[in-house]
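S.K.:
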Amino acid sequence: MERPDAPSIEEILSREGIIDKKVQTLQKNAEIVRSIRPTCDSLKRENLKLRVHYDVYNLKLERLSRELEEIEANSRRLELEIRNKTAVFDALKTIVVNLEMCEEYCGALDVAGFETPEDLAKIEEALDALVENPFEGLDILAVKGCEVEVKDRMKAFIKKFKVFFGEFLESIESLSEGQLRVHSLMYDSVKKYEFIFRYSNEMYRYEFERHLSVLQKLCSEKSAGKMQEGLRIFVESFFMIVKCEVHFCKSRLFGGEDVTEFVLGIFKGVFDLVLGAFHSMFKQRGLALVCALNDDFAFELQNEERDIWSIFLEKMRKFREHSKNTFLIRERDDCASRSRARNLDRCMEHIKLCNDLDISEKLVEMITQDITRNKREDLEDLIHTLKLLYRLRSGLKEKPGLSTAAKELDDVIGDKLQDLEREGIGYIFGGNDSKVVKRTKTILSIIDNNRSIMDSFKRIVFDNANDEQRRELQTLF
């Protein structure tokens, strides 16, 4: 049985009046939309304006933020600059004050006398202040000039004091009638002016620093002769200064063993200052300085001179011995990082420069051990070793006094020649006789016309060849 056709949606909606209602509603809504559209368009335009304003405002804020950061950075920079300039100003202010004080103290030295306690107190205060250099490490022209002027005026003061003290002692000695009173006056005078004598230590330190700077310049030059001559002059001058101080103190101040202690006090620190400068020179020149110190500085000495100078000589001897051992250890350690030929060249340079036979002998022993350090050598290595040994032997002929080292070297060369004989015979005659000449040529090319090795090798070959081989080999030598 067939089902009746179902009604369409349109029929249903039409039948119930729904479409008309919907259409009416749509029309009404359309009217409402048209009525509010102007308002929406107006709001949209206002919103766009506000958005533009806000974007501009944001850009201004970003710019202001950057400007604020720049202001803060500039503020920090200016603050740091102000602190630095304040520190510089304070330092310059301190320098100016110190310069004025130096001038004031120098003036006190210029005008002060040596008789009254007030004058002596002013002198002692001035010397104490001027000894402590407030300008240490400052590379300023005005300061450098002031330092030089202060030292010059202090030296002038010492000269003035020496003249005064000499006249003063003569006036005391003129009173001498063998009375104890004169000796008491002498002792009281020495005690009263002792601080001035002690001050001469600082003057010596200053003068020696200047002389040592000249030695440092000589040390930077390559000429070992200049450095040795300059060092000799320096030590001789040092000795004469010590001798003069001893003579002055002994003749004017003391009559007993106190002279040694007093003069040592004057040179307190000067010995170490000199040795410190020698240490710096050793870092620059090494063996050249050790050789320059290998000199006889034991001048003609008497009593207190000998006691004082021997202390310095002992310090210098210990320094030289330590430097010598340091040099030899350093050379031995460095050998491992260089070729044997380079080590030999360096060793020959040292031996040529060296005036110490003990060092030269140790260098020969060291380089011989280095040349023969390869314990397992083939024939080519053996010949190269002999070349180096003969070069060393030839260099020793120019150095007198190394007979013991030369004899030991000859023994080493003899051992190596025996090795050459054994290896050479095995290589040339140990196989096919037809290759004797060819193999001999090969070895001769390695020997490369070294006359010393050539003569020994020729003897080895001819002693072991038969008559026919000798005739063929004769053309090769």
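Residue numbers are given in our numbering: position 212 of the sequence shown equals residue 204, and the series is strictly consecutive.
Positions of the beta carbon are idealized from the N, C-alpha and C atoms, including for glycine.
Model, not experiment: these values are computed from the prediction.
(1) Please report the straight-line C-alpha distance between residue 86 and residue 144, rounded to a whole angstrom.
(2) Would residue 347 and residue 441 qualify as a contact pair, given that the criterion is a beta-carbon distance under 8 Å?
(3) Report yes if the C-beta distance between residue 363 and residue 380 is below 8 Å; otherwise report no.
(4) Do residue 187 and residue 116 come within 8 Å of each other at the CB atom, strictly closer than that value?
(5) Looking only at its own chain, which residues have a Cβ that is under 6 Å from the Cβ of residue 448, when we skip the five neighbours before and after it?
(6) For residue 220, does the count of other Cβ atoms within 10 angstroms reach 16, so buried, or fall short, so exposed?
(7) Along the alpha helix (DSSP H) that carries residue 456, what are the first and last residues, could you check?
(8) Please state whether DSSP places residue 108 in a helix, a strand or coil.
(9) Suppose you measure from the CA of residue 265 to the CA of residue 255; what does that come to, to the nearest Å?
(10) Enumerated in chain order, which unbroken segments of the alpha helix (DSSP H) with a length of 4 residues or greater are wholly contained in the segment 219 to 290?
(11) Taking Cβ positions, are residue 305 and residue 319 nearer each other than 8 Å?
(12) What is the residue span of the alpha helix (DSSP H) that residue 366 lies within?
(13) Check for me: the alpha helix (DSSP H) holding residue 420 runs from which residue to which?
(14) Express the C-alpha separation of residue 370 and residue 438 in angstroms, rounding to a whole number.
(15) DSSP state of residue 100, grouped into three classes?
(16) In chain order, what residues of the same chain lie with their CB nearer than 6 Å to the CB of residue 355, ignoring the 5 residues before and after it?
(17) Less than 8 Å between the CB atoms is what I'm expecting for residue 100 and residue 118, so what's the real figure, rounded?
(18) Ignore the nearest five residues each way along the sequence and tell me which others in residue 345's own chain have a CB closer than 7 Å to its CB.
(19) Just the C-alpha distance for residue 407 and residue 435, rounded to the nearest angstrom, thanks.
(20) Mind checking whether residue 399 and residue 352 have CB atoms under 8 Å apart?
(21) I need the DSSP call for residue 14, collapsed to helix, strand or coil.
(22) Anyone know if the C-beta pair for residue 366 and residue 417 falls short of 8 Å?
(23) Which runs of the beta strand (DSSP E) at least 3 residues long sit entirely within the segment 337 to 386? Give them in chain order.
(24) Can you tell me the Cα-Cα spacing of residue 303 and residue 259, whole angstroms?
(25) Assuming residue 263 contacts residue 307 under a Cβ cut-off of 8 Å, what Cβ separation, rounded to an integer in Å, is found between them?
(26) Looking at the secondary structure, which residues open and close the alpha helix (DSSP H) in which residue 438 lies?
M.R.: Once the coordinates are examined:
(1) Roughly 23 Å separates the two Cα atoms.
(2) no
(3) With respect to residue 380, residue 363 sits close: the two C-beta atoms are nearer than 8 Å.
(4) Using a Cβ distance threshold of 8 Å, residue 116 and residue 187 count as a contacting pair.
(5) 409
(6) buried
(7) 443 to 456
(8) Three-state result, residue 108: coil.
(9) 16 Å
(10) Listed in chain order, the complete alpha helix (DSSP H) runs (minimum 4 residues) inside the segment 219 to 290 are 250 to 258, 262 to 277, 279 to 284.
(11) no
(12) Per DSSP, residue 366 belongs to no alpha helix (DSSP H) and is neither H nor E.
(13) 395 to 421
(14) Rounded to the nearest angstrom, the two C-alpha atoms are 12 Å apart.
(15) helix
(16) 339, 342, 343
(17) 5 Å
(18) 216, 279, 280, 283
(19) 19 Å
(20) no
(21) In this structure, residue 14 counts as helix in the three-state DSSP scheme.
(22) no
(23) none
(24) 11 Å
(25) 6 Å
(26) 428 to 439
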